[in-house]
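First residue of the sequence shown? That's 88 in the working numbering, and the numbers climb one at a time after it. Some notes on the structure that comes next.
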Amino acid sequence: MAAHFDLEAELIAQGLWPVAGIDEVGRGPLAGPVCVAAVILDADNPPEGLDDSKKLSPLRRETLYEEILSRALAVSVTLAPAAEIDALNIRGATLACMGRAARGLSVAPRFALVDGRDLPPLPCPGRAIIKGDATSLSIAAASIVAKVTRDRLMARLDARHPGYGFANHAGYPTPAHRAALTALGPCREHRRSYAPVRALCPT
C-alpha cells in the first residue's frame, strides 16, 4: 500500500492545518549524523509518486527531492552529529533533532505527523505513527528529503575522511565499512557509543 493523504485530510477537516510530516534517516549507521526533515506539503499540489524513501530508486528520490523543495509550503532539515548521539544516546538525539526540525519550519505547523513510536518535543500537537513513511504523504516527503540530504552529506564526508567508503555505504555497518574501521580506526564522524566503534577506541 502506497503512502496517502488521508491522515492529513482528516486533520484539515478538523481545522488543524498546516500539518508537518517529520522523519529521520541514519539511526543505524556507525558514522555520520542522524538527519531529520520536516515538510509541510501544499495540500493542493503535492508531488506525485511520494512514498517511503526506502522503496524508491536513488534517481527517483533525487527527482522527488527537487520537486518537494520547489512545491512544499515549508521544509526544514536538521542534523544530530556523532558527538550529540554519543552524549544523548541515539533515541534522545533523534528526538531532539526532530524537535529542532519542527521549530525550524518557516510556516508554523498546527499538527505534526511523526514517523516512529515516540513524539519529540514539538511546538504543536502531534501523533507518532509506526511506519508512517509508508502511510502519510507528508512523512514520506520528509523521509525523501532526509535521505537525499544525508546521502549527499556522507559523500562529502567521504572526501574529508578517505578510506572508509562513506560515499558507498553512508556509514552503515557493511563488511567493507567494518574492515576499514578495523584497519584505520575511528575518525571524528564515528559514533563512539556504538559497540563496533567503541571496541576500537582507546580506553
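Heads up, the beta-carbon is just placed ideally off N, CA and C, and yes, glycines get one too. Keep in mind it's a predicted model, so treat the numbers as computed, not measured.
With DSSP run on the structure shown, which of helix, strand or coil describes residue i?
i    : result
E111 : strand
I99  : helix
H256 : helix
A270 : helix
A282 : helix
H91  : strand
A118 : strand
H277 : strand
A130 : coil
Return the residue from the list the options that minimises the CA-CA distance to residue i.
i    : options                   : result
R158 : P133, D202 and R278       : P133
P262 : H91, A100, P116 and F92   : P116
V112 : P210, D93, L240 and A174  : L240
G186 : A107, Y281, R247 and A169 : A107
P260 : A90, R114 and E97         : R114
G252 : K234, L271 and G191       : L271
L137 : A96, A170, C184 and I155  : I155
L192 : A124, I177 and Y281       : A124
Within 10 angstroms of its Cβ, does residue i collect 16 or more other Cβ (buried), or is it exposed?
i    : result
V121 : buried
T269 : exposed
L146 : exposed
R148 : buried
S144 : exposed
I109 : buried
G102 : exposed
G250 : exposed
K141 : exposed
I217 : exposed
A282 : exposed
I'd like the list of long-range same chain contacts for residue i, defined as Cβ closer than 6 angstroms, with 5 residues on each side in sequence excluded.
i    : result
G213 : A199, V201 and L206
A242 : A254
A118 : G258, E276 and H277
I99  : none
I231 : S140, R148, L151 and Y152
S163 : A125, A188, G191 and L192
Output needed for residue i: all residues of its chain with C-beta closer than 7 angstroms, excluding positions within five of it in sequence on either side, in chain order.
i    : result
P273 : R279, V284, L287 and C288
P105 : I127, L160, V194, P196 and R197
D129 : R158, A159 and L160
P168 : P120
A180 : V121, A167, E171 and I172
Answer yes or no: the CB of residue i versus the heavy atoms of the ligand SAM, is any distance below 7 angstroms?
i    : result
P145 : Summarising the ligand content, the structure contains no ligands, and the ligand SAM is consequently not present.
| What are the complete beta strand (DSSP E) segments, minimum 3 residues, inside the stretch 164 to 233? | 198 to 202 and 213 to 216
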